[in-house]
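Each remark here refers to the structure printed beneath this line.
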Amino acid sequence: MIYPIVAYGDPVLRKEAKDIKQGEIDVKKLSEDMFETMYSASGVGLAAPQIGLNIRMFVVDGTPINQNAEEGEEIDHSLTGFKKVFINAEILEESGEEWAYEEGCLSIPGIRADVYRPETVKIKYLDTDWVEHTEEYSGIAARIIQHEYDHIDGILFTDHLTPLKKQMLKKKLNNIQKGIVDAEYKMKFYK
Ligand SMILES: [Zn+2]
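Here the sequence shown is numbered in my numbering, starting from 2 and rising by one per residue.
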């Protein structure tokens with residue numbers, strides 16, 4: 002099932018999401034739906050608040066980034082097989098130099114901007130079999146995790162931009178909020 006993607010301006014994107022209790026929801030079915038929704042919008046990550054659910058869950062699949070790499074472009078090995086579901090995730094540590102990477106967001110179509118974040122992230126989470134994992138990621142994989150993890154804390158990538166850049170994007174963001182936006186997938190606007 003493909004969900005409409007919640008657009009910038011909806012308060013659900015600004016809430017700190019709640020932990021999921023085991024058995025409370027069908028996380029396997031939900032993760033399938035989230036992947037389907039994400040692929041239909043050509044995204045590489047999707048967090049539950051983006052489909053209107055205030056729960057700590059997100060899915061990622063960074064493999065298309067390498068598949069779409071142009072000839073001569075470097076392959077990011079952190080993305081090999083990087084298709085995962087993160088439930089009740091907790092970032093334990095971020096380390097390394099901050100580096101700039103151009104981010105975008107399915108809830109904020111048409112806007113991309115450089116965001117600085119630390120290189121490496123150590124994260125604890127449950128998978129859909131409720132097995133706990135603690136793993137470390139770097140490169141673009143870490144970047145996708147950091148972006149999606151922000152979503153379950155009610156943070157958007159635009160929050161990380163400089164005041165000047167935010168000012169420059171203000172009109173575009175207001176338009177998205179009003180539903181004046183061109184997206185190639187179904188969106189849900191807050192009224
Ligand atoms: Zn996003």
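Quick reminder that beta carbons are idealized off the backbone N, C-alpha and C, glycines included. Quick caveat: nothing in here was measured; it's all calculated off a predicted structure.
Query: Quick check on the burial criterion: 16 or more other C-beta atoms within 10 angstroms. Buried or exposed for Lys-171?; Result: exposed
Query: Quick test of your reading: Ile-88 and Asp-128, contact by CB under 8 Å. State the CB separation rounded to the nearest angstrom.; Result: 7 Å
Query: Let me know the secondary structure DSSP gives Glu-98 once reduced to three states.; Result: strand
Query: For Ile-66, tell me which candidate among Lys-84, Ala-49, Arg-57 has the shortest Cα-Cα distance.; Result: Lys-84
Query: Below 7 Å, is the gap between the Cβ of Leu-170 and the nearest heavy atom of ligand 1?; Result: no
Query: In the structure shown, what three-state DSSP assignment does Asn-67 receive?; Result: helix
Query: Contact check, Val-86 vs Asp-62 under 8 Å by CB: the rounded distance?; Result: Actually they do not touch by this definition, with Cβ atoms about 10 Å apart.
Query: Which class does Asn-89 belong to by DSSP, given the choice of helix, strand or coil?; Result: strand
Query: Any heavy atom of ligand 1 closer than 7 Å to the Cβ of Phe-36?; Result: no
Query: Just grab the DSSP bridge partners of Arg-118 for me.; Result: Trp-100
Query: How about Val-122 and Ile-156: do their beta carbons lie closer than 8 Å?; Result: no
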